[in-house]
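What follows is one structure encoded as structure tokens, with my remarks underneath.
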Amino acid sequence: MSQQQPKPSLMSALQEFPGNVWKSIFRNPLPTNDLERSSTSFTNFFLHIHPVKVHKNTLRPGYTLGLGLISMFLFTILVVTGILLMFYYVPSTSQAYDRMLDLRGTVAFGTILRNMHRWSAHLMVAAVFMHLCRVFLTGSYKKPREFNWVVGVVLFLLTLLMSFTGYLLPWDQLAFWAITVGTAIAGYAPVIGKDIQFLLMGGSTVGQEALLRFYVLHVAVLPAVLILAIAIHFWRIRKDGGLSRPADADPTPTMDLVTITEGPKVRMDDKKTYGVQGLVRGPLTKVNNIPDNTVFSWPNLFLSELFVFVMTLSVILVLSLLFNAPLEEPVNVMHPPNPAKAPWYFLGLQEMVSYSAFWGGIGVPGVYVVLLILTPYLDRSPKGVGKWFSRDRLLANTIFITFVVANIIFVIIGTYFRGPNWAFVSPW
Ligand code: HEM
Numbered sequence: 018m019s020q021q022q023p024k025p026s027l028m029s030a031l032q033e034f035p036g037n038v039w040k041s042i043f044r045n046p047l048p049t050n051d052l053e054r055s056s057t058s059f060t061n062f063f064l065h066i067h068p069v070k071v072h073k074n075t076l077r078p079g080y081t082l083g084l085g086l087i088s089m090f091l092f093t094i095l096v097v098t099g100i101l102l103m104f105y106y107v108p109s110t111s112q113a114y115d116r117m118l119d120l121r122g123t124v125a126f127g128t129i130l131r132n133m134h135r136w137s138a139h140l141m142v143a144a145v146f147m148h149l150c151r152v153f154l155t156g157s158y159k160k161p162r163e164f165n166w167v168v169g170v171v172l173f174l175l176t177l178l179m180s181f182t183g184y185l186l187p188w189d190q191l192a193f194w195a196i197t198v199g200t201a202i203a204g205y206a207p208v209i210g211k212d213i214q215f216l217l218m219g220g221s222t223v224g225q226e227a228l229l230r231f232y233v234l235h236v237a238v239l240p241a242v243l244i245l246a247i248a249i250h251f252w253r254i255r256k257d258g259g260l261s262r263p264a265d266a267d268p269t270p271t272m273d274l275v276t277i278t279e280g281p282k283v284r285m286d287d288k289k290t291y292g293v294q295g296l297v298r299g300p301l302t303k304v305n306n307i308p309d310n311t312v313f314s315w316p317n318l319f320l321s322e323l324f325v326f327v328m329t330l331s332v333i334l335v336l337s338l339l340f341n342a343p344l345e346e347p348v349n350v351m352h353p354p355n356p357a358k359a360p361w362y363f364l365g366l367q368e369m370v371s372y373s374a375f376w377g378g379i380g381v382p383g384v385y386v387v388l389l390i391l392t393p394y395l396d397r398s399p400k401g402v403g404k405w406f407s408r409d410r411l412l413a414n415t416i417f418i419t420f421v422v423a424n425i426i427f428v429i430i431g432t433y434f435r436g437p438n439w440a441f442v443s444p445w
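So the number in my numbering is just where the residue sits in the sequence shown, counting from 1, plus 17.
Shown next, in the form of structure tokens:
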């Protein structure tokens, strides 16, 4: 006679209810051994994009400065606060400004919401740019990461466009004239410049059509493309073998003879790797007894990521509590401010435009973008990867830093040293 399983009582079902719900979502308890640590990484939806183990170099804060992560977290904050703002905002020239006033005056937490969105947007432009600089200065665009660098350049341009299209939405004087100047720069492109300008604005001046177009680009088209590009970016980081590291970070195996416990001496093939052994503890984790320079993502990587997230969020919260996002007078098309300035990250362009409309607005930035995209295909030397300011990359780094400094100087001049009619003024 087969033994019957005791029927679970309603009482025990109720008692076990919280635990059962928890276990149905999280299949693993908090990991206590290496097998559970790896299992936690690949059975959790949010964690499984990480490898089970990462190289120690990946976790060195001084190497990445966490800038890619910071960019990602700022974008996350932007998406969340942006969706909440969408509940109040109306992309209409007759309502947009009033909605901004409502956010400030009557909507609960409206001011902090808008502040968080605004400061995250500015910081994201800065963080993505600094991340680009770190990737360049550590030579991390080199083989096999060439394509991911190109995806990165696209991400940088998309970030600028996201910020630029959002700038118009408050429909105040600052927004209106900054975008009027910005779209005029696009108009300097040869042959198709005027068409691009018309396409962006939906007319020949910044008005209702432009507001609607910028809104749709800002809340739907650009975020969708950006999310797709970030997904490809992260996927490529995995496929390219994780983050770059110096060539000497892992000693390469030699054709040495190794002894496996008491058995005969075995000649190991240095090309061969044994994946499964990656999870085994002890000195023989890799062929030829190489010291294992990897650590489990749980908890090492995840805790660092959590730390960067908390820091990023804290900085944004503090900034948003201390400083209010600007809101000037409502749009007055008859009274342009003098000078009308583009957003700060385009002020370098505007400064160059004041010397030559075509070269400043289109020629030079166009050459920059093309050179950036071609960088990994022009610089083929495998030397100097994974180290800041490597001596092997003296020339490349010097050229790059010269361009960056020149642009920062242009932005500073445009921001602080330009007054009415774009004349040179002293800020002091
Ligand atoms: C929305 C913008 C971006 C996000 C969210 C993002 C995110 C990340 C993250 C999280 C990492 C790994 C950690 C780190 O390096 O800090 C990374 C690595 C990388 N990113 Fe980005 N990134 C962005 C833009 C860019 C840009 C503008 C470039 C260059 C033009 C770029 C090129 C790279 C490359 C080549 C790597 C691999 C670096 C290495 O192996 O050391 N990314 N990115």
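Just so you know, even glycine gets a beta-carbon here, dropped at the ideal spot from N, CA and C.
Three-way DSSP call (helix, strand, coil) for residue i in this model
i	result
Thr311	strand
Asp267	coil
Asp273	Legend: pLDDT at Asp273 = 49, less than 50; position of this residue unreliable, no value from coordinates given.
Phe104	coil
Asn37	helix
Val421	helix
Lys70	strand
Asp115	helix
Pro347	strand
Asp189	strand
Met285	Unreliable positioning characterises Met285 in this predicted model, as indicated by a pLDDT of 49, which lies under 50. The coordinate reading is nonetheless provided below. Three-state DSSP puts Met285 in coil, outside helix and strand.
Arg435	strand
Phe63	coil
Phe126	coil
Phe92	helix
Phe441	strand
Arg410	helix
Ala144	helix
Phe43	coil
Near ligand 1: residue i beta-carbon under 7 angstroms from a heavy atom
i	result
Leu451	One cannot answer for residue 451 here, as it falls past the ends of the chain, which runs 18 to 445.
Asn317	no
Ile94	no
Asn37	no
Ile249	no
Asn165	yes
Ile254	yes
Val325	no
Leu260	yes
Ser321	no
His235	no
Leu412	no
Ser111	no
Val86	Per the sequence shown, the amino acid found at residue 86 is Leu instead of Val. Leu86 Cβ: within cutoff of ligand 1.
Gly183	no
Val124	no
Met147	no
Val152	yes
Arg162	yes
Gly169	yes
Pro394	According to the sequence as given, residue 394 is Tyr; it is not Pro. No, since every heavy atom of ligand 1 falls outside the 7 angstroms radius drawn around the Cβ of Tyr394.
Gly210	no
Tyr158	yes
Met89	yes
Gly83	yes
Thr155	yes
Thr329	no
Thr197	no
Thr311	no
Contact set for residue i: own chain, Cβ-Cβ below 6 angstroms, skip 5 residues either direction
i	result
His235	Thr182, Gly183
Gly280	With a pLDDT of 49 at Gly280, under the threshold of 50, the modelled position of this residue cannot be trusted; read the value that follows with caution. Cβ neighbours of Gly280 beyond the five flanking positions: none.
Trp166	Tyr158, Pro393
Val384	none
Leu336	Trp136
Val198	Ala357, Ala359
Leu172	Ala246
Arg230	Gly219
Neighbourhood of residue i by C-beta, 7 angstroms cutoff - its chain only, sequence neighbours within 5 removed
i	result
Phe59	His65, Val69
Arg262	His72, Asn74, Gly403
Contact set for residue i: own chain, Cβ-Cβ below 8 angstroms, skip 5 residues either direction
i	result
Leu175	Leu239, Val242, Leu243, Ala246
His67	Ser58, Ser314, Leu318, Phe319
Val325	Gly83, Leu86, Ile87, Phe90
Phe251	Ile66
Cβ pair count under 8 angstroms reaching 3, the region 131-142 against the region 92-101: They touch, by the three-pair rule.
Taking contact to mean at least 3 C-beta pairs separated by less than 8 angstroms, is the region 105-120 in contact with the region 220-234? They touch, by the three-pair rule.
Three CB pairs or more closer than 8 angstroms across the region 119-129 and the region 349-361: No: fewer than three Cβ pairs fall under 8 angstroms.
Under 8 angstroms, with one C-beta from each stretch per pair, do the region 196-211 and the region 249-266 reach the 3-pair mark? Contact between the region 196-211 and the region 249-266 is absent, because fewer than three Cβ pairs lie under 8 angstroms.
Are the region 188-196 and the region 431-441 in contact at 8 angstroms, needing three or more beta carbon pairs? Judged by Cβ distances under 8 angstroms, the region 188-196 makes no contact with the region 431-441, as fewer than three pairs qualify.
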